[in-house]
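One structure below.
Residue numbers (the working numbering): 8 to 128.
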């Protein structure tokens with residue numbers, strides 16, 4: 008799990024989200040409103056938007072994000088998280104703790120993992 012979580016507003020433009028992700032060297036950003044996770048956007052979502060000829064500096068994240076994404080808890084096993092990713096074709100899952108988003112677990116994090124909790128990755 009990466010404890011580096013990039014948060015953007017749903018009204019932020021795709022280029023701003025991409026810039027924030029690039030600066031922090033991560034492949035996704037979460038969208039939080041009033042302390043609640045409402046979406047996730049990934050580098051692949053942004054690439055798809057560009058391929059569809061959407062203009063990154065004027066297209067809001069809300070048009071391309073995955074709303075209400077699947078999440079895992081810190082106690083979720085790596086095997087279970089990997090199974091979720093493979094069955095739903097995700098590469099990033101927000102890790103939700105008592106105080107909200109505490110990290111992101113990625114497919115790369117889980118490569119070669121065993122039966123350990125995602126918070127240990």
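All C-beta atoms in this analysis are idealised placements derived from N, C-alpha and C, irrespective of residue type, glycine included.
For this session: For residue 108, I'd like the list of residues in its chain whose CB is within less than 8 Å of its CB, leaving aside the five on either flank, ordered along the chain.
Result: As a working mapping, residue 108 is identified with position 101 in the chain shown. Counting only Cβ-Cβ distances below 8 Å, and skipping sequence neighbours, we find 12, 14, 37, 39, 44, 101, 102.
Exercise. Under the DSSP definition of a beta bridge, which residues are partnered with residue 36?
Worked result: One-based indexing of the chain shown puts residue 36 at position 29. In the DSSP output, where bridge partners are listed per residue, residue 36 has 48.
Problem set entry | Cross-strand partners of residue 101 (DSSP beta bridge) | Along the chain shown, read from residue 1 onward, the residue named residue 101 stands at position 94. Paired residues: 111.
Problem set entry | Neighbour-count burial assignment, residue 46, 16 or more Cβ in a 10 Å radius | Walking along the chain shown from the start, residue 46 turns up at place 39. Buried, because 16 or more other Cβ atoms sit within 10 Å of the Cβ of residue 46.
Exercise. Nearest to residue 116 by CA position, among 96, 93, 89, 104, is which residue?
Worked result: Residue mapping note: residue 116 aligns to position 109 of the chain shown, counting from 1. Nearest of 96, 93, 89, 104 to residue 116, Cα basis: 89.
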